[in-house]
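Notes follow the structure.
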Amino acid sequence: MSEAVKVAIIGSGPAGLSAASRAGQLGMSHILLEKTDHLSDTIFKYQKGKRVLATPERLDLRSDCRFAEGAREYILGNWDEDAANNKVQVAYHAEVAEVSGEKGAFAIKTTKGDVYTAENIVLAIGTQGNPNRMRCEGADLPHIIYQVDDPEDFKDRHITVVGSGDAGIENALGVAEEALENTVTILNRSKDFARAKAKNVADMMEAGENGLMSIRTETQPKKVEPGFLTLETPDGDETIPCDVIVARLGSVAPRGFVESMGIEFTGPDREAFPKLSPIFESTVPGIFVIGALAGYPLIKHCMNQGYDVVEFINGNSDLTPADEKDLAAIFEGLPKKKSVSEWLEYLRTRVSIFADVSPLQMREFMLDSKVAFYRKGDVVFEKGEPGSSLFAIADGFVEVEVGPGVIVPIEQGSIFGEVGLISGRKRGATIRAGADGIFVEVSRTAALKLMASVPGAKRAINRISLERQLLQIFKGGLTVDDLGPVVDTAEVERVPAGKIVLTEGEQGDDVYVIRSGSMVVEKDIGGKPIFLRYLPAGSFFGEMGVLSGAPRNATVKAAVGAELIKLTGESFRKMLAARPQVREATEAAVAERAQMNSFIESRKASYSSAVDLYSDTASFIMKEGLGEATDALLIDENLCVGCDNCEKACADSHEGLSRLDREAGKTFAHLHVPTSCRHCEHPHCMADCPPNVIHRGPDGEVFMEPGCIGCGNCMRNCPYGVIRMEAAPPQKPSLLRWLLTGFGPGPGEPSPKWTKKQLGDEKPKKIAVKCDMCKGIAGGPACVRACPTGAAIRVSPEEFLSIARLDEDTD
Amino acid sequence: MASLFQRRRSKATQVERVRERRHEGFLRYAGFRWAKISGGLCLLIIVSYALIDVTPRHNGGSWYGYTLGTIGAALILWLTALGYRKRKMTRDHWSLKAWTSAHVYLGLSLIIIGTWHTGFQLGWNVHTLAWALMMLVILSGLYGVIVYATLPQALSNNREQMTQMQMLEAIRAFDRQLHSAAQPLTPEDTAPVLAALDEDPFAGGIAARLSGRYPNCATAAAYRALSASRSSDAEARTKVVGLLSQKEAALARLREHLRIRALLEIWLYVHVPLTFALIAALSAHIVSVFFYW
Ligand SMILES: Cc1cc2nc3c(=O)[nH]c(=O)nc-3n(C[C@H](O)[C@H](O)[C@H](O)COP(=O)(O)OP(=O)(O)OC[C@H]3O[C@@H](n4cnc5c(N)ncnc54)[C@H](O)[C@@H]3O)c2cc1C
Ligand code: HEM
Ligand code: SF4
Ligand code: SF4
Ligand code: SF4
């Protein structure tokens, strides 16, 4: 056991390294424990030559280590020097396995069995976790690797990839590149590839059919030997030549390890973080958590926190946080003058959903929000606008225009805009300030983080959103009090895509409200399920059963993964009995739906093939994931002449890169869904963007603001494969010049060859590129405008599948 | 958070401007708007030509002839501008579909405008050359409209969701398999297979491209040769023959794809150069008219 230090820092990423450097500068006794043999493993593992970006730009760096945008090698090189200059004490190969003791005398045990003692601990292990290791015989041989830095490192080898999640498939595809002449095998324990994205699976299957790799299902490794691998297959054991094994078996998130020290998290969700005090202290006194693990994935934040946390441990309590000036800017425009911490306290005490938020969380989340002063009568947002942010009323109140002439107030301390947040759909009503007031607008990401980390806030938002949704559906006529019993008995159900919620002919009287996602309604006509209707989030179904007591007259199933609110028939009936207007409104809705059903049935009788086509087209569209789209590009291949003018127009209106691939994608009955963003209701691509630059714009478009760091997370998260990582090509000669002299590559995306020739050795940084629906281009989507034949249109699924369409088709 | 926090937004959003609920081709655009306009224009010309008495007789040099001539020349210049419009991605609102629709119908109206402009006085001179070129451009345009209306379906059916890259990749994959499967064959049988491997799917020239017939196809030849041959080991040969027939099918798909694409494009190589010839002849026609005035 070594001598006790004042602080032990676990993890040498940007956060841990910056902390250790501060300790070194202060002359504080410390030890930096790193499990690998180099500093900062996460960045070490970035692709070679990757440009590391220093966002957010406005934030000042406060650290004893240098950091500015640059190549990975340059940054790591600087840090090695800085660590030495700051006299940082590092212990490599020190993977911490267990922490015991308490503040003043922690005992930190590594996997090798060494024990370090420290008064305080700074935990900065990031979120990468540990890769799952192979477990069969020979699993410790050195030719088993757990990641592929550069596929080009492997040439003419026998490579076996174990694990067929996205990471495994991507690695296999990388090394299976024809020019590398590797013999690639990928193993999957089960029959299907449920864990990977459809696009990756399709690419892999194609590579398999083309003989670029062999895909072995229901097969696992049994024994590893140098040069050979024995497989356990359904037909018995088999030994294949194998020089390299790439094991991609997922990784264990560090949460379990963190919790084993007694540190509490804010909630059970995946998005939750450790509970922290304003000085980053966890629920275990003496253990501080910083960096990505604390919920701050950007390198600059990590480094600033490393500096700050050591200052705090050193007893410096006057340190103003580095984000102070940004927060001050946020509050600047307000009429009253208060200091930042006074404002934060003001908001915390006046808005109910902020009540349980810690001061540290409050700071963090105000950075992603905005506070504004509104005059009486100002419109906050209008009905039909897209928007997914949440508003909270700190002062004053607002008026909601529920129906024509029906105004409902929302009082101070409450929230509004939650429907957009939860369902991802357009605003349901216009909202005006009822008096001069101060409202906080919380971005979608910040609101989701808040809900994940503060259970009280989540409960409050969910309840309010359900009440409002019901009020919205039953337009006026209802008060929050009427809804009490209905809401109390309501349950939230998650249903996966394709799951049947109601079955035609079955008895039942529960009523469902779609909270997020969408549903399709089908009816069996002449022995074939016929598509009747697409139900977007915010609609309800099952009400016919309550009213008539008759069995379900159609089947309802989830078009995409969805969240439903189930209201019991019992409570719903009571509410209807108490409020005759609501009963009338419901009956009217039922009658309308019944009429539409019988319309389709009658058409089916006389125009069977047109109805079948409509129905099959609808199923195709749903299968292509358009059920969660808000706006998608559809090409009619009866009209498309293959000129690719759509792609060229897209490239020419966007830094020379096309955001759509016209030819790729599925086709049914000449209706083609090209590879292009669908602007999902709940964009998967937004889930994990470290600099948080993916947003939804005023037209409903999902776009990236400048600041992408090129990490590729969005590309991996998008299930439709529409994001590519690409660098903008250099400026082309003008169109006229090309037309007159043929100089330059002409309209559209220049060929990689031309770009390469222009750039020479320069390697510009690759960032995420996707359709932004031609945001900011007054004329609207260029792909549609530039199609000479009218083959390309942009639609929302509701519009496209409307009943009016069938009406026209069968006329 | 660029736009998240804008307080007020314009109501008619840019995307709504190009929104359509269903596909509507350029020929039907806006309920045949340009067909109606163009038809009306032609009718007007035919009727007024009959009613207006020009002495001694209708010809290009009368005030009536000048009017039609000016309209016609302006129209030709505007029709030519489509080539620029198609490629210049300005940010304001326009629709190439609307342009194409107007192009086609107004272009057709030139048959009336141009011919009636001549007063039916045709001869062997530069004036008639301009008229003839115009008619040829229109004729080629007509062909274009016909292929635009009929071939896309065939293109879509033939490709069955495959992209051109994937078709090429499929052929390459068969080549790789052929390469290893042909190892056990006798030299006599190997030669045609090697020739098939060397075949460039794009080769064959313009005639083959347009007709879809490749009489010298090495893959087909290898298939024939190996099916007839008795020299190599039967099992290995059967395997190669099977692969060759699969490769032939893949080649056939790619060739059909290229054929349809060529048919959809080839006419533009007539339409556009003729347009420039027309503009040259038209200039000569106008200059000579004013010169001899
Ligand atoms: C591909 C990619 C690209 C990115 N690009 C950028 C960018 O351009 N700009 C940007 O600002 N951010 C970027 N990020 C995010 C950024 O890299 C991370 O969020 C940041 O590195 C987190 O820093 P950290 O110090 O909290 O943890 P990490 O950097 O993850 O460091 C944790 C360290 O702890 C060690 N460790 C883990 N467990 C133990 C243990 N039990 N015992 C001892 N040591 C342990 C690890 O080996 C590692 O060295 C990117 C992320 C990825 C994945
Ligand atoms: C004298 C009259 C005409 C002139 C000068 C003219 C000229 C042109 C030009 C310059 C183009 C652009 C080609 C390109 O750049 O790709 C074009 C395209 C086209 N023209 Fe014409 N044209 C004429 C008449 C017609 C007529 C009568 C028709 C149809 C009946 C027609 C149908 C078309 C079509 C379908 C296109 C292709 C549009 C596209 O794919 O973008 N044209 N024409
Ligand atoms: S512009 Fe229109 S016709 Fe041309 S490729 Fe695109 S969709 Fe097809
Ligand atoms: S990029 Fe992908 S996930 Fe994101 S909105 Fe577009 S289609 Fe949806
Ligand atoms: S809407 Fe704009 S950005 Fe999106 S694919 Fe079309 S042209 Fe490209």
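If you read the sequences in order, they're chains L and R. Per numbering that gives the first Met the number 0, residue 0 is the first one in the first sequence, and the count goes up by one each step. Per numbering that gives the first Met the number 0, residue 0 is the first one in the second sequence, and the count goes up by one each step. C-beta: ideal position from N, C-alpha, C; glycine also.
7 Å Cβ cutoff met for residue i and residue j
i, j, result
"Val519 (chain L)", "Ala558 (chain L)", "yes"
"Gly24 (chain R)", "Leu638 (chain L)", "yes"
"Phe571 (chain L)", "Val545 (chain L)", "yes"
"Cys710 (chain L)", "Pro689 (chain L)", "yes"
"Ala451 (chain L)", "Asp268 (chain L)", "yes"
"Cys676 (chain L)", "Lys769 (chain L)", "yes"
"Leu477 (chain L)", "Val581 (chain L)", "yes"
"Ile460 (chain L)", "Glu398 (chain L)", "no"
"Thr216 (chain L)", "Lys190 (chain L)", "yes"
"Phe173 (chain R)", "Gln245 (chain R)", "yes"
"Ile414 (chain L)", "Leu389 (chain L)", "yes"
"Val288 (chain L)", "Pro277 (chain L)", "no"
"Ala178 (chain L)", "Val4 (chain L)", "no"
"Phe192 (chain L)", "Val200 (chain L)", "yes"
"Thr109 (chain L)", "Ala93 (chain L)", "yes"
Assigned secondary structure, residue i (DSSP; H/G/I helix, E/B strand, else coil)
i, result
"Thr89 (chain R)", "coil"
"Tyr28 (chain R)", "helix"
"Asp115 (chain L)", "A small correction: the amino acid at residue 115 (chain L) is Tyr; Asp does not occupy that position in the sequence shown. Strand, per DSSP."
"Asn58 (chain R)", "coil"
"Val559 (chain L)", "coil"
"Pro13 (chain L)", "helix"
"Gly71 (chain R)", "helix"
CB contact check: residue i to chain L, cutoff 7 Å
i, result
"Phe4 (chain R)", "Only weak support exists for where Phe4 (chain R) lies, its pLDDT of 35 falling under 50; the coordinates are left without a value."
"Met133 (chain R)", "no"
"Pro151 (chain R)", "yes"
"Lys96 (chain R)", "yes"
"Glu23 (chain R)", "yes"
"Leu42 (chain R)", "no"
"Asp91 (chain R)", "yes"
"Met88 (chain R)", "yes"
"Thr162 (chain R)", "yes"
"Leu263 (chain R)", "yes"
"Ala172 (chain R)", "yes"
Cα-Cα separation between residue i and residue j, rounded to whole angstroms
i, j, result
"Asp63 (chain L)", "Ala53 (chain L)", "16 Å"
"Val512 (chain L)", "Thr616 (chain L)", "26 Å"
"Gly76 (chain L)", "Gly12 (chain L)", "14 Å"
"Ala96 (chain L)", "Met574 (chain L)", "57 Å"
"Tyr142 (chain R)", "Arg90 (chain R)", "32 Å"
"Phe264 (chain L)", "Pro454 (chain L)", "11 Å"
"Leu250 (chain R)", "Ile45 (chain R)", "53 Å"
"Pro408 (chain L)", "Arg431 (chain L)", "10 Å"
"Lys35 (chain R)", "Leu43 (chain R)", "12 Å"
"Gly816 (chain L)", "Phe619 (chain L)", "The first residue shown for chain L is 0 and the last is 810, placing residue 816 (chain L) beyond what the model contains."
"Leu3 (chain R)", "Asp355 (chain L)", "Reliability fails at Leu3 (chain R), whose pLDDT of 35 lies under 50, so the model's placement of it is uncertain and no value is given."
"Ile143 (chain L)", "Ala727 (chain L)", "37 Å"
"Asp687 (chain L)", "Tyr295 (chain L)", "12 Å"
"Ala434 (chain L)", "Phe380 (chain L)", "15 Å"
Short CB-CB distance (under 7 Å) between residue i and chain R
i, result
"Asp635 (chain L)", "yes"
"Gly210 (chain L)", "yes"
"Arg362 (chain L)", "no"
"Cys679 (chain L)", "no"
"Val811 (chain L)", "Here chain L covers residues 0 to 810 and nothing more, so residue 811 (chain L) does not appear."
Whole-angstrom C-beta distance between residue j and residue i, which should lie under 8 Å
i, j, result
"Leu132 (chain R)", "Ser37 (chain R)", "Not a contact, Cβ separation roughly 21 Å."
"Ile244 (chain L)", "Leu228 (chain L)", "7 Å"
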